[in-house]
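Colleague:
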Amino acid sequence: MPLAESVARRLRSPDYDRWMGNAAATGYCSRPVRLVGSSTTLHGPTGEVLADYASSREPDGLTFTRCGNRRATRCASCSHEYKGDTWHMIMAGAAGGMKNVPEAVATHPMVFLTLTAPSFGAVHSTATDRRAGECEHGMPRACRCGHGDADAQRGDAVCADCYDYAGQVVWQYHAPELWRRFTISLRRELAHSLGVSQREASTMVRVQFAKVAEFQRRGVVHFHAIIRLDGVDPVEPFPPAPSFITTGHLVEAIGVSVKKTRVVVAPIQGDDTYRELRWGSQFDARAIVRRDGLDGSLSDRAVAAYIAKYATKATDDLEPASGGRDHIQRIKNTVRHLARFADPKGPYAQLHKWDGMLGFRGHFSTKSRRYSVTLGALRGARRAWRLNSLLDKTKQTDAVAADEILVVGSWAYAGMGWLTDGDKALATEAANAAREWRKQRAHDRNMPPNERSTT
Ligand SMILES: [Zn+2]
Ligand SMILES: [Zn+2]
Ligand SMILES: [Zn+2]
């Protein structure tokens, strides 16, 4: 069926409004999951039916639910929701005063850290070095061009023959382990900078962090992290560290740990050396300082908002933007080549799964256990909110406690995506319109991206 006809058919259908309402309820997900089934919400103790739902009463007899994909290239809507959750998770741990995290966390010693990968060869960049000589391939050893920020060539190898693609892939593959070793080292160095044993330090201070990975133009990740020091308390979830422990101790410990952290990794095919991996020499550790004055300086909240926004921006860049770049294609080819000859029982056995991520197998965002709320808790809160609004719609149930509610359902998977191309086009158009509307309403710069749409 031609697209226009498919669109027209939905527009003319008597249940168009209900269909559009259901599409809106998925957040105009681009590829929702189709389900058939029913569920009944009961008041457990009495067995009274509070709400009753069946997909057979919906348009086309189907229930649609979000795909939940966090990649913007797969689903703009779901990645947007994920981004909002990440924003809240990071923001709550840095500024407090939200999501059950007390405002006082903002007064704890706190640092914003950026860790980079080492160099794997000269790349085109905004910085130029005209004094550098030439390599054996007759190419300059550093970029001499003078690129602008938006230049498409930025991040590409100056000489693809000299560039250490294998070295970059190996580093990227082990980057999560490098981070893990860094956090272990940080605890040790913190004790050292406090002048106490590690055991003694563990009774008074805990290191909490949230970190996000972001792809740089050269196709390698770097990490942004908020690192916070808490005290130790058997009851309080976010106790302050003893007052003699300062941001200065944390900055010192970070500096030493960044330089000391090493991971020695097994050789790859065609190479019998054990590589020693470390962080790049460029790293940045900035104190996040609470300022209450009206002297025009940034408040801790604004700083945290900036960081959280900056950090969640990374979700856009999680998938390396190749844009047909030869440099990115070469990295992918290197991953595939190394994976093809990898020992199936060896450390690179899983490498083949990660060519799209240029060898990076880590999570986009990770946090220590007590940094803040979890993404799971945020999703749970949203589910509870949806359940409550459902109950509000059906009945006056002021006396019903949440733990007395029972949902009995039976569901079957009926496919992925909108039913027709016409439906997909309508959902996409509505999503675009909703985004425009949100942009116009985004008056408060401190609002998380996914909350700008709330009325
Ligand atoms: Zn989706
Ligand atoms: Zn250049
Ligand atoms: Zn060369």
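Note that this note's numbering gives residue 350 to position 311 of the sequence shown, counting from 1, and the numbers run on in steps of one. Ideal placement from N, C-alpha and C gives every residue a C-beta, glycine not left out. The model shown is predicted, which means the values in this text are computed figures rather than measured ones.
(1) Within a Cβ cutoff of 6 Å, which residues of the same chain sit near Ala469, ignoring the five residues on either side of it in sequence?
(2) Using a Cβ-Cβ cutoff of less than 8 Å, which residues in the same chain neighbour Thr300 once the five nearest sequence positions on both sides are dropped?
(3) Determine whether the beta carbon atoms of Ile327 and Phe151 lie at a separation below 9 Å.
(4) If we ignore side chains and look at the alpha-carbon of each, how far apart do Val208 and Ala191 end up?
(5) Exposed or buried, what is Thr125 when buried is set at 16 or more other beta-carbons lying within 10 Å of its beta-carbon?
(6) Measure the alpha-carbon distance for Cys117 versus Met178 and round it to whole angstroms.
(7) Taking Cβ to Cβ, would you say Ile265 is nearer than 9 Å to Gly132?
(8) Is it the case that the Cβ atoms of Ala32 and Ser45 are separated by a distance below 9 Å?
(9) Can you find a heavy atom of ligand 2 that lies under 8 Å from the Cβ of Gln192?
(10) What does His33 pair with, by DSSP beta-bridge criteria?
(11) Starting from the N-terminal side, write out each stretch of the beta strand (DSSP E) that is 3 residues or longer and does not extend beyond the segment 92-164.
(12) Would you report the Cα separation of Tyr212 and Arg267, rounded to the nearest angstrom?
(13) At which residues does the beta strand (DSSP E) containing Trp210 begin and terminate?
(14) Quick check on Glu275: buried or exposed, where buried means 16 or more other Cβ atoms within 10 Å of its Cβ?
(15) Beta strand (DSSP E) containing Glu443: first to last residue?
(16) Does DSSP put Glu275 in a helix, in a strand, or in coil?
(17) When the Cα atoms are used, what is the spatial distance from Gly187 to Arg238?
(18) Cβ of Val246 within 9 Å of Cβ of Arg226?
Modeller: Looking at the coordinates:
(1) Tyr67
(2) Leu217, Arg220, Phe221, Ser224, Arg317, Trp318
(3) yes
(4) 22 Å
(5) buried
(6) 44 Å
(7) yes
(8) For the chain, the structure presents residues 40 to 494; residue 32 sits outside this window and is missing.
(9) yes
(10) This structure does not reach residue 33, given that the chain is present from 40 up to 494, and the question cannot be answered.
(11) 102-104, 149-154
(12) 27 Å
(13) Note, Trp210: premise wrong, no beta strand (DSSP E); alpha helix (DSSP H) at 204-233.
(14) exposed
(15) No beta strand (DSSP E) holds Glu443; DSSP gives it neither H nor E.
(16) coil
(17) 51 Å
(18) yes
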